[in-house]
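Engineer: Taken in sequence, the protein lines are chains A and B. Per the numbering used here, the very first residue in the first sequence carries number 1; after that it's consecutive. Per the numbering used here, the very first residue in the second sequence carries number 1; after that it's consecutive. Just so you know, even glycine gets a beta-carbon here, dropped at the ideal spot from N, CA and C. In this text the structure is predicted, and so the values were computed from the model without any measurement. Please find one structure pasted underneath; my questions will follow.
Number of protein chains: 2
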Amino acid sequence: MRNIKLTIEYDGKDFNGWQKQPNKLNIQGEIERAIEIITGGEKVELIASGRTDAGVNALGQVANFRTESTMPIEKMAYAINSQLKKAIRVQKAEEVDEKFHSRYTCKKKTYRYTINNSEQGSAIFRYMQYHYPVKLDENKMNEGVKYLIGEHDFKSFKASGTSSKSSVRVIYDAKVWREGDLIHIELTGNGFLYNMIRIIAGTLIEVGEGAIEPAEVQAILEAKDRSRAGKTVSPSGLCLMGVEYE
Amino acid sequence: MRNIKLTIEYDGKDFNGWQKQPNKLNIQGEIERAIEIITGGEKVELIASGRTDAGVNALGQVANFRTESTMPIEKMAYAINSQLKKAIRVQKAEEVDEKFHSRYTCKKKTYRYTINNSEQGSAIFRYMQYHYPVKLDENKMNEGVKYLIGEHDFKSFKASGTSSKSSVRVIYDAKVWREGDLIHIELTGNGFLYNMIRIIAGTLIEVGEGAIEPAEVQAILEAKDRSRAGKTVSPSGLCLMGVEYE
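Rendered as structure tokens:
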């Protein structure tokens, strides 16, 4: 069986998230259906680096599937896209080693959360940004986010009620910067807990508006208590930028 | 009567263009309705710098209206936006001289046309770009567009069948550049004919793919013949960036 790796962009607002579920438009199901058509009926399982929630965008999601198809690899992205809604685009298709697994062999993921910090927000980019009109200090936010770098138990930044064995994760890089009216929060880690980045963004907003000090981020982290962190902010600001493998 | 100038951003894909028309969602009508609500019933006429077609975006459209309202000017944008769909955002409201007229006193308009020149196109930005996968030479396109600078009769770049007294316009600046997979065409002029920028973009695409030489743009301009120019390309790539007044 060939093992095919896809790099995928999608517009999260048009779907109820990545995961396949009955009667709800989802990204996984749409791509599996397209692959079934172009392979003449193969029912594949498309494994992503991780699920993304409803409304979350991706510029560089990675997923793989196994196929008996003999279609040349350079035609694969065109063929799949020809059967997909334009809100999903396969940007690249590559043939990979049989050991490649989008989830298990993933080394790093990078997510970006974008806040529109203008008075009125954007009309055109409203599904790619979270509008927060109170003036934020991006330098304080950048100071605060640095406390998250390293291996930590991120229980304070995990949605309550979610079951996952361990809430220990490694963040390799974290930064916040301003680009005009936009504030970007970018995190690279070995994996993220459910809602973790949206809760981190909500907490950093409190830092940016001066409600809490940057050093408080460390205290929140150490408390291992969800109630100490900020709100879970809108999925529309979140984008999976890319996934790295060995 | 106070004269109020609005600077407006909108997401063109959600409307049948700027102009008010019955039974079709349009930007002018939506904003006039919002103003009627916040002024407690005034039926104003909102005059734009120019109409934009269905699907065309704006980051900096300008429009003005006259009102008896005594609402403080700094509250006006918030109040209007509170009554509008999020696909339209008033970015700024200013009180201006009674002689100010969005259309008649306009000096310069800047439009940008954006081509996505990647193989598969973008999912997230599909309504802000025109996808053209054939590799384009942006340097040749930039050479070609320079022939349009100055005062010319742009009849070759006017939609056939449109009645306008004169097709003479002045282009002050015109340039084409690449930003990764994107190619931007930006034109600043004293006004543009119906479909003019979309036809210019279609012609420059022919230059970029090598179908015609850059110098051919001058020959097309001088021919004053619509059939000599390129296709009218998609409105989704077009954005009104800003309007300048004295």
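Checking contacts by CB at 9 Å: is aspartate 11/A closer than that to chain B?
Structural biologist: Along the first sequence, one-based indexing puts residue 11/A at 11. Yes, aspartate 11/A counts as interfacial toward chain B.
Engineer: What residue ranges within the region 155 to 221 of chain B form continuous alpha helix (DSSP H) runs of no fewer than 4 residues, ordered along the chain?
Structural biologist: 196 to 208
Engineer: Give me the chain A residues within the contact set of glutamine 28/B, using Cβ-Cβ distance strictly less than 9 Å, ordered along the chain.
Structural biologist: For the purposes of this step, residue 28/B is taken as residue 28 along the second sequence, with counting starting at 1. Correct list: empty, because the minimum Cβ distance to chain A is about 15 Å.
Engineer: So what's methionine 241/A in DSSP terms, helix, strand or just coil?
Structural biologist: Taking the first sequence and counting its residues from 1, one reaches residue 241/A at position 241. DSSP, reduced to helix, strand and coil, places methionine 241/A within a strand of the structure shown.
Engineer: Determine which residues share a DSSP beta bridge with arginine 126/A and list them.
Structural biologist: As a working note, residue 126/A is residue 126 in the first sequence. Arginine 126/A is not bridged to any residue.
Engineer: Distance, Cα to Cα, glycine 202/A vs glutamate 216/A?
Structural biologist: For this step, residue 202/A is matched to residue 202 along the first sequence. For this step, residue 216/A is matched to residue 216 along the first sequence. Going from the Cα of glycine 202/A to the Cα of glutamate 216/A covers about 14 Å.
Engineer: Assuming aspartate 181/B contacts asparagine 116/B under a Cβ cut-off of 8 Å, what Cβ separation, rounded to an integer in Å, is found between them?
Structural biologist: In the second sequence, counting from the first residue as 1, residue 181/B sits at position 181. In the second sequence, counting from the first residue as 1, residue 116/B sits at position 116. Rounded, the Cβ-Cβ distance is 6 Å, consistent with contact.
Engineer: Does glutamine 91/A have its Cβ less than 9 Å from a Cβ in chain B?
Structural biologist: For this step, residue 91/A is matched to residue 91 along the first sequence. Output row for glutamine 91/A: interface = yes.
Engineer: Hey, does glutamate 42/B have any beta-carbon neighbour from chain A nearer than 9 Å?
Structural biologist: In the second sequence, counting from the first residue as 1, residue 42/B sits at position 42. False, the Cβ-Cβ gap to chain A never drops below 9 Å.
Engineer: Taking only the alpha-carbon atoms, compute the straight-line gap between tyrosine 127/B and glutamine 61/B and give it to the nearest angstrom.
Structural biologist: By one-based count along the second sequence, residue 127/B stands at place 127. By one-based count along the second sequence, residue 61/B stands at place 61. One Cα belongs to tyrosine 127/B, the other to glutamine 61/B, and the distance between them is close to 18 Å.
Engineer: Which ranges would you report for the beta strand (DSSP E) in the region 74 to 159 of chain B if only whole runs of at least 3 residues count?
Structural biologist: 88 to 96, 106 to 116, 150 to 153
Engineer: According to a CB-to-CB cut-off of less than 7 Å, which residues of the region 120 to 149 of chain B neighbour chain A?
Structural biologist: Of all residues in the region 120 to 149 of chain B, only Gln120, Gly121, Ser122, Ala123, Ile124, Arg126, Met128 come within less than 7 Å of chain A when Cβ atoms are compared, listed by chain position.
Engineer: At what residues does the beta strand (DSSP E) containing leucine 60/A begin and finish?
Structural biologist: Against the first sequence, residue 60/A aligns to sequence position 60. The identity of residue 60/A in the sequence shown is glycine, whereas the question assumes leucine. Residues 57 to 67.
Engineer: CB-CB under 6 Å to arginine 178/B, same chain, minus the five flanking residues each way: which ones, in chain order?
Structural biologist: Here residue 178/B is taken as the residue at index 178 of the second sequence, counted from 1. Answer for arginine 178/B: Glu138, listed in chain order.
Engineer: Under 8 Å by Cβ, that's how I've got tryptophan 18/A and arginine 51/A pegged, so tell me the actual separation to the nearest angstrom.
Structural biologist: As a first step, residue 18/A must be located in the first sequence, where it is residue number 18. As a first step, residue 51/A must be located in the first sequence, where it is residue number 51. Going by Cβ atoms, the distance from tryptophan 18/A to arginine 51/A rounds to 5 Å, so yes, they are a contact pair.
Engineer: Would you report the Cα separation of serine 85/B and glutamate 246/A, rounded to the nearest angstrom?
Structural biologist: Numbered from 1 along the second sequence, position 85 holds the residue referred to as residue 85/B. Numbered from 1 along the first sequence, position 246 holds the residue referred to as residue 246/A. Position check: residue 85/B holds lysine in this sequence, whereas serine was assumed. So the two alpha carbons sit approximately 46 Å from each other.
Engineer: Using the Cβ count rule (16 or more neighbours within 10 Å means buried), how would you classify proline 214/B?
Structural biologist: Numbered from 1 along the second sequence, position 214 holds the residue referred to as residue 214/B. Buried is the call here.
Engineer: Would serine 160/B and arginine 226/B be called neighbours here (beta carbons separated by less than 9 Å)?
Structural biologist: One-based indexing of the second sequence puts residue 160/B at position 160. One-based indexing of the second sequence puts residue 226/B at position 226. The answer is yes: Cβ separation under 9 Å.
Engineer: Over what stretch of residues does the beta strand (DSSP E) that includes glutamate 9/B continue unbroken?
Structural biologist: Locating residue 9/B in the second sequence gives position 9, where the first residue counts as 1. First-last of the beta strand (DSSP E) with glutamate 9/B: 2 to 10.
Engineer: Whose Cβ in chain E lies nearer than 7 Å to the Cβ of isoleucine 88/A?
Structural biologist: No chain E is part of this structure, whose protein chains are labelled A and B.
Engineer: Note down, in chain order, all residues in the region 65 to 84 of chain A with a beta-carbon under 7 Å from any beta-carbon belonging to chain B.
Structural biologist: Listed by position, the residues of the region 65 to 84 of chain A near chain B (Cβ gap below 7 Å) are Ala77, Asn81.
Engineer: Does DSSP classify alanine 34/A as helix, strand or coil?
Structural biologist: Counting from 1 along the first sequence, the entry for residue 34/A is found at position 34. Correct three-state label for alanine 34/A: helix.
Engineer: Let me know the secondary structure DSSP gives alanine 223/A once reduced to three states.
Structural biologist: Walking along the first sequence from the start, residue 223/A turns up at place 223. Looking at alanine 223/A - three-state DSSP - the assignment turns out to be helix.
Engineer: With 16 as the cutoff for other CB atoms within 10 Å, does glutamate 162/A come out buried or exposed?
Structural biologist: Residue mapping note: residue 162/A aligns to position 162 of the first sequence, counting from 1. The residue you asked about is not glutamate; residue 162/A is threonine in the sequence shown. The residue in question, threonine 162/A, is exposed, as its Cβ has fewer than 16 Cβ neighbours within 10 Å.
Engineer: Short of 6 Å in beta carbon distance, which residues of its chain neighbour leucine 6/B, apart from the five on each side in sequence? Order them along the chain.
Structural biologist: As a first step, residue 6/B must be located in the second sequence, where it is residue number 6. Contacts found: Ala63, Val90, Ala93.
Engineer: With DSSP as the reference, please indicate the residues paired to alanine 48/A in a beta bridge.
Structural biologist: For the purposes of this step, residue 48/A is taken as the residue at position 48 of the first sequence. Answer by DSSP bridge pairing, in chain order: Ala63/A.
Engineer: Residues in the same chain with beta-carbon distance under 8 Å from tyrosine 130/A, minus the five sequence neighbours each way, listed in chain order, please.
Structural biologist: By one-based count along the first sequence, residue 130/A stands at place 130. Tyr113, Thr114, Ile115, Asn116, Ala201, Val233, Ser234, Ser236, Gly237.
Engineer: Give a yes or no on whether the C-beta atoms belonging to glutamate 9/A and isoleucine 124/B are separated by under 9 Å.
Structural biologist: Within the first sequence, residue 9/A is the residue found at index 9, counting from 1. Within the second sequence, residue 124/B is the residue found at index 124, counting from 1. For glutamate 9/A and isoleucine 124/B, yes; Cβs fall inside 9 Å.
Engineer: Taking the C-alpha atoms as reference points, what is the distance between aspartate 53/B and asparagine 16/B?
Structural biologist: Residue numbering aside, residue 53/B sits at position 53 when the second sequence is read from its first letter. Residue numbering aside, residue 16/B sits at position 16 when the second sequence is read from its first letter. Going from the Cα of aspartate 53/B to the Cα of asparagine 16/B covers about 7 Å.
Engineer: Less than 9 Å between the C-beta atoms of isoleucine 171/A and glycine 144/A, yes or no?
Structural biologist: For the purposes of this step, residue 171/A is taken as residue 171 along the first sequence, with counting starting at 1. For the purposes of this step, residue 144/A is taken as residue 144 along the first sequence, with counting starting at 1. No, the Cβ-Cβ distance between isoleucine 171/A and glycine 144/A is not below 9 Å.
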